[in-house]
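Data first, discussion second: the structure below is written as structure tokens.
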Ligand code: ARG
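Numbering (my numbering), first residue to last: 4 to 410.
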């Protein structure tokens, strides 16, 4: 009998390494798929590890550029942020990995794909909704929802008995997911929401207390809502994010400590590091405030929120997402120009902005003699603007007087 073939989203951690062997024991041929989203893993080492665990084949793909241009930048343009804090770094990687799992399955005639997500998180939903949309004929297996291990100890002893390499010294207290847009950290003592994260919880940013005592200025230029250069140097998307991320890490920018609402109904405490996202959102939003009209800015907030929920809830490959992108892309046409930011001890503040599409007219806003604003017209405007409120007050007074008389 031909062995069944599964493409497994492999991270190199304990769970997915054990999973390779678990599938082999069940008669599957395993293709381990390793996605490079800028997490700086040693992919050669992980490839060997997957083979040692019993993988028939290992596919490593550098997805950094696709991640940036197809997932991160559309999200930056939309200014999507989940529950006011989370820049969605983990959530954005999932649909791309799912897309690749489906492609690799098709190329290798595999009928099954699998992931190592637990049954109580968001990622299982993101993977499976995307896989079912893009590869409706594929079987999806989520072994962590059904496997026999009742504890980490049992899993570790399975690993030991099956010669799966486990570096106990490297076993972090935390569960960490990393890519070039940010780091998500949970578990361990972070599970007590009243306790401050220990120093070692944050992985890439400097504690703002230890960051330089001198502020640093940085210029970011945008074309149609996308950052294209830093300090006058044009950079491709991946390099640009890495450059901005390094600056943010150095100044302790982008640390987030939040309670979030998971899709499966659970509140969880997670901390994040998103230095590049924090800096680029600040710059993008500063530029938009200069070039977009008030009514568009007001309406885009609704779109941003919808976009954030859609990403968080794993609905990337949907018509709604395409429709929202169309709106966002139209309003981004004028988001071109330059923003100056000051980075200092965990803060990132816009201190200057300019654009050929600027709607700012100094002659209207100035208080000096250049002023062209028609002050007299304000009087009529206020009269009409205030009309409904005066009417309301008059009505209330008449009614109260009448009520008094009738007593
Ligand atoms: N809570 C985040 C999300 O749902 C991150 C999940 C993964 N976190 C982790 N530390 N492994 O997108």
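Each residue gets a CB set at the ideal place from its N, CA and C atoms; glycine is no exception. Since this is a predicted model, take the numbers as computed values, not measurements.
For residue i versus residue j, is the C-beta distance shorter than 8 Å?
i, j, result
"residue 76", "residue 229", "yes"
"residue 236", "residue 282", "no"
"residue 317", "residue 129", "yes"
"residue 2", "residue 12", "Lying outside 4 to 410, the shown extent of the chain, residue 2 is not represented and no answer is given."
"residue 205", "residue 190", "no"
"residue 181", "residue 209", "no"
"residue 91", "residue 311", "yes"
"residue 79", "residue 103", "no"
"residue 362", "residue 307", "no"
"residue 109", "residue 211", "no"
"residue 71", "residue 240", "yes"
"residue 250", "residue 219", "yes"
Could you tell me which residues DSSP puts in a beta bridge with residue i?
i, result
"residue 84", "Paired residues: none, contrary to the question."
"residue 117", "11, 144"
"residue 353", "344"
"residue 261", "273"
"residue 221", "344"
"residue 185", "182"
"residue 226", "229"
"residue 61", "35"
"residue 236", "233"
"residue 89", "85"
Which residue wins for smallest C-alpha separation from residue i, given the options the options?
i, options, result
"residue 106", "118, 10, 27", "10"
"residue 44", "119, 373, 63, 28", "63"
"residue 50", "362, 60, 42", "60"
"residue 170", "305, 18, 360", "18"
"residue 93", "55, 68, 120, 185", "185"
"residue 351", "223, 29, 241, 303", "223"
"residue 73", "324, 365, 395, 389", "324"
"residue 366", "125, 151, 403, 375", "375"
"residue 309", "291, 207, 330", "330"
"residue 216", "346, 156, 408, 315", "346"
"residue 304", "118, 30, 86", "86"
"residue 301", "28, 82, 384, 30", "82"
"residue 245", "16, 30, 40", "40"
"residue 257", "388, 410, 88", "88"
Could you check how far apart the C-beta atoms of residue i and residue j are, in whole angstroms? I think they sit under 8 Å.
i, j, result
"residue 342", "residue 289", "5 Å"
"residue 344", "residue 221", "5 Å"
"residue 56", "residue 179", "Not quite, the Cβ-Cβ distance comes to about 20 Å (not below 8 Å), so this is no contact."
"residue 8", "residue 32", "5 Å"
"residue 196", "residue 274", "With 8 Å as the limit, residue 196 and residue 274 do not qualify as a contact, their Cβ atoms being about 11 Å apart."
"residue 201", "residue 192", "7 Å"
"residue 293", "residue 368", "Contact doesn't hold; Cβ gap of about 12 Å is too wide."
Count the CB pairs spanning the stretch 146-161 and the stretch 337-351 that are closer than 8 Å, and state whether there are at least three.
No: fewer than three Cβ pairs fall under 8 Å.
For the stretch 153-170 and the stretch 18-29, state whether three or more C-beta atom pairs, one from each stretch, are separated by less than 8 Å.
The stretch 153-170 vs the stretch 18-29: in contact.
Do the stretch 121-136 and the stretch 91-100 touch if we need at least three Cβ pairs shorter than 8 Å?
Counting Cβ pairs under 8 Å, three or more are found: they touch.
Between the stretch 265-274 and the stretch 111-131, do three or more beta carbon pairs fall short of 8 Å?
Verdict: yes, contact present.
Is it true that the stretch 319-334 meets the stretch 104-119, where meeting means three or more beta-carbon pairs spaced less than 8 Å apart?
Touching, no.
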